[in-house]
Amino acid sequence: MLEVEQILLAGNRGPCGGVNMSLQATREVLAIVSGRERVYTNNEIVHNVPVMEELYGQGLVNFENDWDKVEDNSVVLFSAHGVSPRMHEIAQAKNCLTIDVTCQLVTRQHTLVKKAAADGLDVIYAGVDGHPETMGVMGEIPDDKLTLVQNIEEARKVIVPDTQQAVLYSQTTLSTFEIREIQEEMRGRSNVAVPNRWDICYATDNRQAAVDELLPFVDFVIVVGSRKSHNSQMLKERASQKVKAYSIDRPDEIDIDWFVDGIRRVGLTSGASVEERFFVDTLEWFKLKNPNIQIKQMPEVKAEPVKIFALPQKDINLLKARYGEAA
Numbered sequence: 001m002l003e004v005e006q007i008l009l010a011g012n013r014g015p016c017g018g019v020n021m022s023l024q025a026t027r028e029v030l031a032i033v034s035g036r037e038r039v040y041t042n043n044e045i046v047h048n049v050p051v052m053e054e055l056y057g058q059g060l061v062n063f064e065n066d067w068d069k070v071e072d073n074s075v076v077l078f079s080a081h082g083v084s085p086r087m088h089e090i091a092q093a094k095n096c097l098t099i100d101v102t103c104q105l106v107t108r109q110h111t112l113v114k115k116a117a118a119d120g121l122d123v124i125y126a127g128v129d130g131h132p133e134t135m136g137v138m139g140e141i142p143d144d145k146l147t148l149v150q151n152i153e154e155a156r157k158v159i160v161p162d163t164q165q166a167v168l169y170s171q172t173t174l175s176t177f178e179i180r181e182i183q184e185e186m187r188g189r190s191n192v193a194v195p196n197r198w199d200i201c202y203a204t205d206n207r208q209a210a211v212d213e214l215l216p217f218v219d220f221v222i223v224v225g226s227r228k229s230h231n232s233q234m235l236k237e238r239a240s241q242k243v244k245a246y247s248i249d250r251p252d253e254i255d256i257d258w259f260v261d262g263i264r265r266v267g268l269t270s271g272a273s274v275e276e277r278f279f280v281d282t283l284e285w286f287k288l289k290n291p292n293i294q295i296k297q298m299p300e301v302k303a304e305p306v307k308i309f310a311l312p313q314k315d316i317n318l319l320k321a322r323y324g325e326a327a
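The sequence shown runs 1 to 327 under the UniProt record's numbering.
If you want it as structure tokens, here you go:
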């Protein structure tokens, strides 16, 4: 029998407004097409294995940015992470009908980077090399106008000529904690502007802060979130600084042998790309293993009013018109 006595639920957890919008739009697109043709996506809509398996089962095809796999005149979804202008150009050349489910916070970052370059500024961009959001933003301006930095060591090596002005922007899903040293480095330079990060993904900061609130009260943390999800892995990494922590997609990945050596209180949270139902499945696993287990809901570290991100309704209406349906 499971000897864990208490589960503490993170006060801030689960999907952000951008993820909810992207998944709602994708499901609506698949319902409209209803198997009459393939629906392509350039990348995983969100970095969550279980939900992507469901979408693939409903007819979504991930062409992984290889346009040779996409037939002309196809329906193409651009993922929540955003894409470069080049991707839009290729889609247009292939006469594809595109539905752009990019998170609006990411779209704003694209706009800021383009404006900075148009104003003659160089851009220093804090991001994860190879992450789809970073790749999309970097494609907005010439290579010689943007410098990617992934850590403080790279930031220290950045050279901005005295006669040039620059600005620091960052991947929206990097938390304030992750880029604090980079910000401090750039604030020490008179010719680099460091704007307030009010356009960061609010969910990223709030979920990390909620994990911090859990740590004094638990012996172990489980993060519901995929290994490919940067924000989920950062939750695990943050928890691991104090206690043992694992990330899972499904409760059948839990090993009951994890909970030995006096582990009695387990913290439970989920990443910003994880729908609440997957979190609940994991909680139910604990209840099944120990019907007497205590469940404690931690308070929010910061109130999160419901954020409604607008669906790409214009794109969806064009898709409906393709099949003669009313918008």
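C-beta atoms are modelled at their ideal positions from N, C-alpha and C, and glycine is treated no differently.
Bridge partner(s) assigned by DSSP for residue i
i	result
S270	V224
A245	V221
K296	L8
V160	For V160, which the question treats as bridged, DSSP gives no partner whatsoever.
When the options are compared against residue i, the one with the closest alpha-carbon
i	options	result
L78	I124, T26, L105	Inspection of the sequence shows that residue 78 is occupied by Phe rather than by Leu. The candidate whose alpha carbon is nearest that of F78 is T26.
Q150	V128, P161, E140, P142	V128
Q297	G324, F217, S273, Y323	F217
Q313	L8, V101, G262, K244	V101
S74	D143, L97, A80	L97
R180	N42, I308, N62, N196	N196
I124	Q208, L8, Y169, V61	Y169
M1	P291, K320, F309	P291
E178	I152, G11, N191	I152
G59	N42, H81, A31	A31
K320	V4, E5, E28	E28
A209	A10, S229, H131	A10
F220	A239, K94, H230	A239
A155	E140, K145, Q183	Q183
Q6	M186, F286, G324	F286
I90	A310, V113, Q241, N42	N42
Assumed close pair residue i, residue j - CB separation to whole angstroms, cut-off 8 Å
i	j	result
V167	A116	5 Å
V49	D281	The Cβ separation is near 13 Å, so there is no contact.
T172	E213	About 23 Å; that fails the 8 Å criterion.
V51	L23	7 Å
H81	G130	About 12 Å separates the two Cβ atoms, so there is no contact after all.
R86	G139	6 Å
Q164	D122	6 Å
V70	Y40	5 Å
N12	K302	7 Å
Where residue i sits in the DSSP three-state scheme
i	result
S170	strand
N62	strand
R189	coil
V194	coil
T41	strand
L146	strand
F259	coil
F309	coil
A209	helix
A126	strand
R265	strand
V252	One detail in the question is off: residue 252 reads as Asp in this sequence, not Val. Correct three-state label for D252: helix.
T102	coil
V49	helix
V29	helix
L2	coil
V76	strand
L121	coil
Using a Cβ distance threshold of 8 Å, determine whether the stretch 231-245 contacts the stretch 203-221, with at least three qualifying pairs required. yes
Could you tell me whether the stretch 268-280 touches the stretch 9-16, using the rule of 3 or more Cβ pairs below 8 Å? yes
Three or more C-beta pairs under 8 Å: does that hold for the stretch 282-302 against the stretch 255-269? yes
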